[in-house]
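I have placed the structure first, in the form of structure tokens, so that the comments after it can refer back to it.
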Amino acid sequence: MGWKTVHIGREGDHLALAGVKVWQQEWRWLGSKTVNLPNPLEPAQTQSFMICEVGASHRPVRFAASKLPSGLWSFYVPD
Numbered sequence: 001m002g003w004k005t006v007h008i009g010r011e012g013d014h015l016a017l018a019g020v021k022v023w024q025q026e027w028r029w030l031g032s033k034t035v036n037l038p039n040p041l042e043p044a045q046t047q048s049f050m051i052c053e054v055g056a057s058h059r060p061v062r063f064a065a066s067k068l069p070s071g072l073w074s075f076y077v078p079d
């Protein structure tokens, strides 16, 4: 599965993926799965992103998220 970067922002910002407001949902971490992806602020560096879902269980919105050293959060979605 490939991933593409979609957002860099602060915790609690107005990020919505597929119409679902990510910070207003409880994240479901999928079996403690992670994926190593490039840090979008430092693409030469990779870091661990947790694979999560939000939204209704019959139509989940999947994403990968990680807190960056700068205090920002980075989000990827399946490509």
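If you're matching positions, the sequence shown starts at 1 in our numbering and goes up one per residue. Where is the CB? At the ideal position from N, CA and C, for every residue including glycine.
Item: Using the beta-carbon count (16 or more within 10 Å), is alanine 44 buried or exposed?; Value: exposed
Item: In the DSSP assignment, find the beta strand (DSSP E) that holds methionine 50 and state where it starts and stops.; Value: 42–54
Item: Who are alanine 64's beta bridge partners in DSSP?; Value: Ile51, Tyr76
Item: Where does tryptophan 27 sit, in a helix, a strand or coil, going by DSSP?; Value: coil
Item: Can you name, in chain order, every residue of its own chain whose Cβ lies under 8 Å from the Cβ of asparagine 36, other than the five neighbours on each side?; Value: Thr46, Gln47, Ser48, Phe49
Item: Go ahead and label serine 57 buried or exposed: buried means 16 or more other beta carbons lie within 10 angstroms of its beta carbon, across all protein chains shown.; Value: exposed
Item: Determine the burial state of leucine 41: buried for a count of at least 16 other Cβ atoms within 10 Å of its Cβ, exposed for fewer.; Value: exposed
Item: Just to confirm, are tryptophan 3 and valine 54 a CB contact at a threshold of 8 Å?; Value: no
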